[in-house]
Amino acid sequence: MRALCPLFYLNFSYFIVKITPNHNTLCLTFVFITIFNEKKARFWYGIALAVAANLFWGLAFLIPRILSCFTPVEITLGRYFFYGLISFILFLVLERKHSWIYDFKIWSTSFIFAFAANIGYYFFLVYGVRYADAEITSLIIGILPITVSIYGNFLEREYPFSKLLPSILMISIGIFIIHNLNFAGHENPEQVFGNQYYLGLLSPFVSLIVWTWYCVANSSFLKKNPHILSSTWSTLIGVNTLIQSLTILVILMVTDNDIVMNFDKYLKFDSFNFDSFNFDGFDFDGFDHEIIIFLISSIILGVAVSWGGTLMWNKASTLLPISLAGQLIVIETISALSYVYIYDSHLPSFVEILGITMIIGGVILGIRNVQFTSNDPELITKPSQAQIE
């Protein structure tokens, strides 16, 4: 329906031209309305996609907490095996005949982005969730709106920095409030995990650096290559992620490192009681329920969080300025905290609510500053073939 709006306005303008003597002014008016509505629709559609992607990504902080019996390497490979698998299937079905048009630069870029945005980023994130804490890790990653906004605007100069400062300041205050509150109430985790706690605390900062670079580089690449559909780009990154996941899996099998990944629990079925298996009632008593939960969680992470989230984010990246998209990443932090609160059956305190309110207020302020800067030629990026049809 959105695609029919310009056609309606233009046809209606043509009708006005025919029946109105002073038709030039009216015609220009309707053309202006058409262009304005299209820009506004693209703007809010990009925001909706970015918000949805971040709500999906928030699950990436909760699921490692649920899968406490599995190592960070296992969770990372499980997630990106299924993400890569669905991407490879889609590549064979939709992109195989057109793969020849993608040169070495495109493939090599997608290979680098695949490791940076997927395997590398998530391994350090899971390590932080496991050995530091899910809340602390999500809050460190919550600095992304600041780092991406500053880095993106430094490279592309989309607005004067003065327009970014109020929203960045509000987001910073909100993160500072929640961050201090969580540290104050945390129970000496270094006594439980030892040096691993400090490595876990350092790991999210590595993820932060990697994803800051990826977010800006990915958005710039898509805008410079409008002939690449965002769905195609997500698929290419997924195919490279599958290659990397299988390569790491083979290396682990050859080295036989049980500390990193224990293959026996996946290959041993001695405890399975076939007499208790009932297809009619789906009675899985006797089967390893931990493996079932791991497989289901990996599918959710790979298909919904990775592929679906990446697809929506890539499309949003073509519709929004980098610095605004960077501020919207804060929703990932809020959703992650909400999921953890629900899982722990714990309501946030008044101070936590205050911090979250400051973060949301900063995002809203950033949206308003961008939306109403009508004199800025880079207010809303030009539509491309990566835009949703």
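Per our numbering, residue 54 is the first one in the sequence shown, and the count goes up by one each step. Backbone N, C-alpha and C define an ideal beta-carbon position, used for all residues, glycine too.
Close Cβ partners of residue i (< 6 Å) along its chain, the five nearest in sequence each way excluded
{"i": "Phe164", "result": "Asn293"}
{"i": "Gly415", "result": "Ser220, Met223, Ile224"}
{"i": "Ile406", "result": "none"}
{"i": "Ser351", "result": "Gly131, Arg132, Phe135"}
{"i": "Gly355", "result": "Arg132, Phe135, Tyr136"}
{"i": "Phe61", "result": "Residue confidence is low: Phe61 scores 42 on pLDDT, short of 50, so the model does not pin down where it sits. Its coordinate-derived value is still stated next. Once the five neighbours on either side are set aside, Phe61 has no close Cβ partner at all."}
{"i": "Ile226", "result": "Met411"}
{"i": "Ala113", "result": "Val358"}
{"i": "Leu102", "result": "Met365, Lys368, Ala369"}
{"i": "Ser402", "result": "none"}
{"i": "Pro117", "result": "Ile128, Val179, Val182"}
Residue i, buried or exposed, once every other Cβ within 10 Å from all chains shown has been counted against 16
{"i": "Asp186", "result": "buried"}
{"i": "Asn367", "result": "buried"}
{"i": "Pro125", "result": "buried"}
{"i": "Phe123", "result": "buried"}
{"i": "Glu343", "result": "exposed"}
{"i": "Arg132", "result": "buried"}
{"i": "Phe214", "result": "exposed"}
{"i": "Leu390", "result": "buried"}
{"i": "Leu254", "result": "buried"}
{"i": "Ser161", "result": "exposed"}
{"i": "Phe135", "result": "buried"}
{"i": "Thr190", "result": "buried"}
{"i": "Asn233", "result": "exposed"}
{"i": "Arg95", "result": "buried"}
{"i": "Ser260", "result": "buried"}
{"i": "Trp97", "result": "exposed"}
{"i": "Thr300", "result": "exposed"}
{"i": "Ile349", "result": "exposed"}
{"i": "Thr386", "result": "buried"}
{"i": "Ser298", "result": "buried"}
{"i": "Phe157", "result": "exposed"}
{"i": "Ile281", "result": "buried"}
{"i": "Phe166", "result": "buried"}
{"i": "Ile193", "result": "buried"}
{"i": "Asn331", "result": "Note on Asn331: pLDDT 48, under 50, position unreliable in the model; the coordinate value appears next. Classification of Asn331: exposed, given that the 10 Å Cβ count is below 16."}
{"i": "Ile417", "result": "exposed"}
{"i": "Leu295", "result": "buried"}
{"i": "Thr285", "result": "buried"}
Cβ of residue i within 8 Å of any chain C Cβ
{"i": "Ile301", "result": "Considering every chain present, this structure includes no chain C. It has just one protein chain."}
Same chain, Cβ closer than 8 Å to residue i, five either side skipped, listed in chain order
{"i": "Ile346", "result": "Ile119, Leu120"}
{"i": "Val263", "result": "Ala169, Ala170, Gly173, Tyr174, Phe177"}
{"i": "Phe109", "result": "Ala357, Val358, Gly361, Gly362, Met365"}
{"i": "Val104", "result": "Leu381, Ile384"}
{"i": "Gln249", "result": "Tyr184"}
{"i": "Ile115", "result": "Checking the sequence shown, residue 115 turns out to be Leu, not Ile. If we look at Leu115 and ignore the five residues flanking it on each side, its Cβ neighbours are Ala187, Ala389, Tyr392, Val393, Tyr396."}
{"i": "Gly334", "result": "Legend: pLDDT at Gly334 = 46, less than 50; position of this residue unreliable, value from coordinates given subsequently. Answer for Gly334: no residue qualifies."}
{"i": "Phe443", "result": "Any answer about residue 443 is impossible in this case: the structure gives the chain only from 54 up to 442."}
{"i": "Val307", "result": "none"}
Residue range of the alpha helix (DSSP H) that includes residue i
{"i": "Thr308", "result": "283-308"}
{"i": "Asn367", "result": "362-372"}
{"i": "Ile139", "result": "125-143"}
{"i": "Cys122", "result": "Taken as a continuous stretch (DSSP letters only), Cys122 belongs to no alpha helix (DSSP H), as it is neither H nor E."}
{"i": "Val259", "result": "248-277"}
{"i": "Arg210", "result": "Premise fails: Arg210 is in no alpha helix (DSSP H) and is neither H nor E."}
{"i": "Gly181", "result": "174-184"}
{"i": "Phe342", "result": "The sequence shown places His at residue 342, rather than the Phe named in the question. Run containing His342: 342-352, per the alpha helix (DSSP H) assignment."}
{"i": "Ser163", "result": "157-167"}
{"i": "Glu385", "result": "383-396"}
{"i": "Glu188", "result": "187-194"}
7 Å Cβ shell around residue i - same chain, five flanking residues per side excluded
{"i": "Val404", "result": "Ile230, Leu234"}
{"i": "Gly195", "result": "Ile228, Val383, Thr386"}
{"i": "Thr129", "result": "Ile172, Tyr175, Phe176, Val179"}
{"i": "Pro198", "result": "Ile224, Gly379, Gln380, Ile382, Val383"}
{"i": "Gly99", "result": "Ala369, Leu372, Leu373"}
{"i": "Phe258", "result": "Ile193"}
*Evaluate contact between the region 173-185 and the region 367-386, counting only Cβ atoms and requiring at least three cross-stretch pairs below 8 Å.*
no
*Meets three-Cβ-pair contact criterion under 8 Å: the region 214-225 and the region 390-403*: no
*Looking at C-beta atoms only, is the number of pairs between the region 136-150 and the region 400-418 that lie closer than 8 Å three or more?*
no
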